[in-house]
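Worksheet: one structure, shown below.
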Amino acid sequence: DGGITQSPKYLFRKEGQNVTLSCEQNLNHDAMYWYRQDPGQGLRLIYYSQIVNDFQKGDIAEGYSVSREKKESFPLTVTSAQKNPTAFYLCASSILSRAGDGYTFGSGTRLTVV
Amino acid sequence: GESVGLHLPTLSVQKGDNSIINCAYSNSASDYFIWYKQESGKGPQFIIDIRSNMDKRQGQRVTVLLNKTVKHLSLQIAATQPGDSAVYFCAGTSGTYKYIFGTGTRLKVLA
Numbered sequence: 321d322g323g324i325t326q327s328p329k330y331l332f333r334k335e336g337q338n339v340t341l342s343c344e345q346n347l348n349h350d351a352m353y354w355y356r357q358d359p360g361q362g363l364r365l366i367y368y369s370q371i372v373n374d375f376q377k378g379d380i381a382e383g384y385s386v387s388r389e390k391k392e393s394f395p396l397t398v399t400s401a402q403k404n405p406t407a408f409y410l411c412a413s414s415i416l417s418r419a420g421d422g423y424t425f426g427s428g429t430r431l432t433v434v
Numbered sequence: 030g031e032s033v034g035l036h037l038p039t040l041s042v043q044k045g046d047n048s049i050i051n052c053a054y055s056n057s058a059s060d061y062f063i064w065y066k067q068e069s070g071k072g073p074q075f076i077i078d079i080r081s082n083m084d085k086r087q088g089q090r091v092t093v094l095l096n097k098t099v100k101h102l103s104l105q106i107a108a109t110q111p112g113d114s115a116v117y118f119c120a121g122t123s124g125t126y127k128y129i130f131g132t133g134t135r136l137k138v139l140a
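Those protein sequences? They're chains A and B, same order as listed. Using this note's numbering, read the first sequence as starting at 321 and increasing by one per residue. Using this note's numbering, read the second sequence as starting at 30 and increasing by one per residue.
Pasting the structure below:
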């Protein structure tokens, strides 16, 4: 079955530590996205990528970094510069050739600072 | 700035009743909208979509209505079931691959 896989499901980070969240898709989608979700708030865009080796900042990119070395993979690193990283992180993908075709979301990673 | 928002944070309905979840958007250039359902601890799932050249679209037990004049859309769920309990998001785009998401409405189905 095609889909988008995020791992791990739960992640704990110590103060000052960098952590990387994995996102893999086998849908042959062109674009991939990272969103952050906080309680009572909508999804906020962190980074997105339309093509391999290229990505753009979203609305809240500070303290995060990404790479897109393969079409299937779009890992997100939460750096120590991100002061409030505790949140639910969602990865999504979409086909660009059909504008407005919607996203397929992963099941999310819940990150907690300990 | 551009926004997509929902009128109510929580909606409680009796099992078997119809549910109506509302959403307002600010960008008049938005031409495609999607409703997503998100269960606790999971990623959002596509429910139904609608393009701006339509006023209404029906799916299985769900209907989306779009009123471009007042920039409002709604999701109607017929005969609401316990499995419908979730957070519902609307999202809109103006023809790009980026969507603006609302804050979500939590639907609670009462037995």
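Glycine residues also receive a C-beta, built at the ideal position from the N, C-alpha and C atoms. Bear in mind that the values here come from a model prediction, so they are computed numbers and not experimental data.
Once DSSP output is grouped into helix, strand and coil, what is the label at residue i?
i: B:D113; result: helix
i: A:Y384; result: strand
i: B:D78; result: strand
i: B:H36; result: Residue confidence for B:H36 is low, a pLDDT of 49 falling below 50, so the modelled location carries little weight; the figure read from the coordinates is stated next. Coil.
i: A:R333; result: strand
i: B:G88; result: coil
i: A:T325; result: strand
i: A:F394; result: coil
i: B:E68; result: coil
i: A:Y423; result: coil
i: A:E344; result: strand
i: A:L416; result: coil
i: A:D374; result: strand
i: B:G121; result: strand
i: A:T406; result: coil
i: B:T98; result: coil
i: A:Y368; result: strand
i: A:S400; result: coil
i: B:Q43; result: strand
i: B:Y61; result: strand
Which residues mark the beginning and the end of the beta strand (DSSP E) in which residue i is found?
i: A:Q357; result: A351 to Q357
i: B:S103; result: H101 to I106
i: B:K137; result: T134 to L139
i: B:S48; result: S48 to Y54
i: A:V434; result: Looking at the DSSP string, A:V434 is not in any beta strand (DSSP E), and its letter there is neither H nor E.
Measure the beta-carbon distance from residue i to residue j and round it to whole angstroms, keeping in mind my assumption that it falls under 8 Å.
i: B:A115; j: B:F62; result: Not a contact, Cβ separation roughly 18 Å.
i: A:I366; j: A:R356; result: 6 Å
Do the segment 117–133 of chain B and the segment 38–54 of chain B make contact, defined as three or more Cβ pairs closer than 8 Å? The answer is yes - the segment 38–54 of chain B touches the segment 117–133 of chain B, with three or more Cβ pairs under 8 Å.
Could you check whether the segment 82–95 of chain B touches the segment 402–417 of chain A, counting it as contact only if at least three pairs of C-beta atoms, one from each stretch, sit closer than 8 Å? The segment 82–95 of chain B is not in contact with the segment 402–417 of chain A.
At least three beta-carbon pairs within less than 8 Å, the segment 328–340 of chain A to the segment 422–433 of chain A: Three or more pairs of CB atoms, one per stretch, sit closer than 8 Å, so the segment 328–340 of chain A contacts the segment 422–433 of chain A.
Contact between the segment 40–50 of chain B and the segment 394–401 of chain A is defined here as three or more beta-carbon pairs at a separation below 8 Å; is this criterion met? Taking 8 Å as the limit for Cβ pairs, the verdict is that the segment 394–401 of chain A does not touch the segment 40–50 of chain B.
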